[in-house]
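Here the structure comes first, spelled out in structure tokens, and everything after it is commentary.
Residue numbers (the numbering used here), protein chains in the order written: chain A, 133 to 460; chain B, 19 to 501.
Here is the structure:
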């Protein structure tokens, strides 16, 4: 097999460097606190990061197509609430219909974003700022502001993501499967190639028979479907559904994409990079208490990591400047 | 005899080895309109940019009112009294006309803008020009012609003594042109020195007192307009023998592949009819803005026609377009050579939606060999390649689809001689294999050297149809430029 396809310049090297950095960080923390590397603690780290990984992969698609999805956390919260209410009303139906409901509802919410961006040509940041508020507002209307508590959820509903296989939670397995599927599909699928092209140069993509707006629509829909399923998983994992679930989480998701090397201007990024970005954030988050740094520093450190990561990516992606230099 | 106000002597300017101006001389006189003429690429725009302080000449002398000056910035040009009316109207659409006139030069007191004075001065200038719009309307609501008037007014806020008009009539209607000419004459009679750049000979003979002809960055002739004819001006502009380095093969044209009938797109071109036959290269000549690119975009399906039709003969394998804007529309620059060539061919390369790097690399290697693309390999990002090799990649990505009709829009613009020859060779080869080619170009030798037939467009219409024998620089240029 030959090298990774779309072959955006520097992305393979960037991923390798970032993987080495993440590993170094992991080893450094482990060296200081041997307990950090036990299988149990690694499984916990993965479980904590699983939802972030899936959401960030969905967001990656959107950003790659020159969009952004600010409504991703509101979508998650709304679908989570729907899943909880559905389960409360029909507790005997098991997990499968809940998964289907959250997948479809999330996909539809994402498709709304996509249609507004594609057909009405509205700026993505404005569209999703609006739908973010609408989706959040819908939770109030749906739940009348009330919580759905653990004692109102069925046992299967709660148990599904927490089940374990080979010492790793089902939630983690799901996110690993999603990550593997993304890594494969982003490299090999025609659809992903079309998305890279549409984000990298929408006009040239159009001249090549690819509709950049349609690619954005697909990206939003997939992103929404992922957010919907994550809504159920989130509610089941924390055993509570309320209006403010995952409030502000969209920013962590976008941050993970940027740290993972997705270009905010679209057209560049890899699934592996995004997963690494999430793991990197996860390691920092779970090691801060061990190192004795107050969690109050976490936001500060996350922000600094974003800036450094973006700075490094920008240095690698200097193709615009190299064009100018080549002419001189 | 008008006294001389601005003289340029032996101006030279190069851009990274490409000489734009070789030894340019120009004299502007008080109370006279001087027309500057030359083909695309003759160095007119470079000269305008030197006069407006955007570029610095590498050598040569500029004398203003008898003293040698250096125009180091647009501010310096303005301080000297040199105003420029650009071809594209630069306006702040959200600001009022009055604010537009005094951008960065608002009358102030203690750091605060004196709005009443600003408005009063703007109104006075507009009235002097006889403008039909108010100083308070937002500039965005003006027509293009009115924006030109606004630009002239802007130049007059600094008491300009030299005014440069860079193809001001390219986008104006007949009536708007007449209005502009009235203002130009008024300024001339007030003693300004005016430089008027235009491709339209009738305008030059109507308006200008003097002329200057540039060719390949050299001023070849200057004098009184009353002493020349348009034929003389055209031969001065073209001036060089058409070189025969084009690998034009004599091919017997085959069956008709594309028929275009009364095709229109509102505001861009109208009533275009022609046919393309297999094995034929048809040149499409015209000046910038004649509607050629817009026609190609409709034939390729980027935009819809507003009326008329075009039909591909049954069994023809489709239309491909190599667009004019190589980096904007042709290639995805961060993609590799292989990914770019594969992009419009993924339906065949990835039939079930899954790509194969091996298949793509094989295809890319094939085209790298065929077109002589100078790249390290299929994996090299396209933005590392030279302009000529980028163009070859864009051509390869379309030829790989085996189209029946190939449209090339300025295929050799800005690429070096070697790459140019390669592009011409592959075009001839495509025609020899039975394809039909429509080649849009502003490069006269290229059009004449490569085409079996030539269509000439001017202001959205086909104004001329020449056989290979009839097509000469003079005849094409005359058809293209209202002469």
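We put the beta carbon where it would ideally sit given N, CA and C, even for glycine.
Cutoff 8 Å: residue i Cβ touching any chain A Cβ
| i | result |
| --- | --- |
| residue 413(B) | no |
| residue 13(B) | With chain B covering only 19 through 501, there is no way to say anything about residue 13(B). |
| residue 368(B) | yes |
| residue 381(B) | no |
| residue 186(B) | no |
| residue 456(B) | no |
| residue 339(B) | yes |
Interface partners of residue i on chain A, CB under 7 Å
| i | result |
| --- | --- |
| residue 347(B) | 335, 336, 339 |
Supposed close pair residue i, residue j - CB separation, criterion 8 Å
| i | j | result |
| --- | --- | --- |
| residue 388(A) | residue 409(A) | 5 Å |
| residue 229(B) | residue 198(B) | Not quite, the Cβ-Cβ distance comes to about 19 Å (not below 8 Å), so this is no contact. |
| residue 459(B) | residue 428(B) | 6 Å |
| residue 45(B) | residue 30(B) | Wrong, their Cβ atoms sit about 17 Å apart, outside the cutoff. |
| residue 401(B) | residue 352(B) | 6 Å |
| residue 304(A) | residue 175(A) | 7 Å |
| residue 225(B) | residue 202(B) | 6 Å |
| residue 423(B) | residue 276(B) | 5 Å |
| residue 38(B) | residue 236(B) | With 8 Å as the limit, residue 38(B) and residue 236(B) do not qualify as a contact, their Cβ atoms being about 11 Å apart. |
| residue 115(B) | residue 182(B) | That belief does not hold up - the Cβ atoms of residue 115(B) and residue 182(B) are roughly 21 Å apart, past 8 Å. |
| residue 477(B) | residue 308(B) | 6 Å |
| residue 358(A) | residue 187(A) | 6 Å |
| residue 441(A) | residue 391(A) | 4 Å |
| residue 321(A) | residue 372(B) | 6 Å |
| residue 365(A) | residue 275(A) | The Cβ separation is near 19 Å, so there is no contact. |
Neighbour flag for residue i against chain B, beta carbons, 8 Å
| i | result |
| --- | --- |
| residue 149(A) | no |
| residue 275(A) | no |
| residue 329(A) | yes |
| residue 320(A) | yes |
| residue 144(A) | no |
| residue 346(A) | no |
| residue 172(A) | no |
| residue 325(A) | yes |
Listed by chain order, chain B residues near residue i by CB distance under 8 Å
| i | result |
| --- | --- |
| residue 251(A) | Per Cβ cutoff of 8 Å: no residues; residue 251(A) is ~17 Å from chain B at best. |
| residue 400(A) | 352 |
Chain B contact residues for residue i, given Cβ-Cβ distances below 7 Å
| i | result |
| --- | --- |
| residue 291(A) | Within chain B, no residue comes near residue 291(A); the closest Cβ sits about 36 Å away, beyond 7 Å. |
| residue 332(A) | 350, 352, 353 |
| residue 198(A) | The contacting residues do not exist; residue 198(A) stays about 13 Å from chain B at best. |
Buried versus exposed, by CB contacts within 10 Å (16 or more), residue i
| i | result |
| --- | --- |
| residue 251(A) | exposed |
| residue 287(B) | buried |
| residue 117(B) | buried |
| residue 385(B) | buried |
| residue 421(A) | exposed |
| residue 172(A) | exposed |
| residue 177(B) | exposed |
| residue 464(B) | buried |
| residue 452(A) | Its pLDDT being 41, under 50, residue 452(A) is placed unreliably by the model, and nothing is read from it. |
| residue 260(A) | buried |
| residue 378(B) | buried |
| residue 101(B) | buried |
| residue 259(B) | The predicted position of residue 259(B) is uncertain, since its pLDDT is 47 and thus under 50; a value taken from the coordinates is nonetheless stated next. Its Cβ having fewer than 16 others within 10 Å, residue 259(B) is exposed. |
| residue 133(B) | exposed |
| residue 245(A) | buried |
| residue 255(A) | exposed |
| residue 455(B) | buried |
Listed by chain order, chain A residues near residue i by CB distance under 8 Å
| i | result |
| --- | --- |
| residue 372(B) | 320, 321, 322 |
Partner residues on chain A for residue i, Cβ-Cβ distance less than 9 Å
| i | result |
| --- | --- |
| residue 362(B) | 339, 340, 341, 342 |
Distance cut-off 7 Å: residue i Cβ against heavy atoms of the ligand SAM
| i | result |
| --- | --- |
| residue 200(B) | The ligand content of the structure shown is nil, which means the ligand SAM is not present either. |
Within the region 265-352 of chain B, ranges of the beta strand (DSSP E) (whole runs, at least 3 residues)
Qualifying beta strand (DSSP E) stretches, in chain order: 274-283, 287-295, 299-304, 325-330, 337-340.
Inside the region 370-431 of chain A only - beta strand (DSSP E) runs reaching at least 3 residues:
List check, beta strand (DSSP E) in window: nothing returned.
Can you list the alpha helix (DSSP H) stretches of 4 or more residues lying completely in the region 19-104 of chain B, in chain order?
Those alpha helix (DSSP H) runs which fall completely within the region 19-104 of chain B and span 4+ residues are 62-69, 92-98.
Quick one: which unbroken alpha helix (DSSP H) runs of 4-plus residues sit fully inside the region 220-275 of chain A? Chain order, please.
With a minimum length of 4 residues, the continuous alpha helix (DSSP H) runs that stay inside the region 220-275 of chain A are 228-251, 256-275.
If we require 4 or more residues per run, which alpha helix (DSSP H) segments fall completely within the region 300-366 of chain A?
Within the region 300-366 of chain A, the alpha helix (DSSP H) runs of at least 4 residues that lie entirely inside it are, in chain order, 302-320, 322-332, 334-339.
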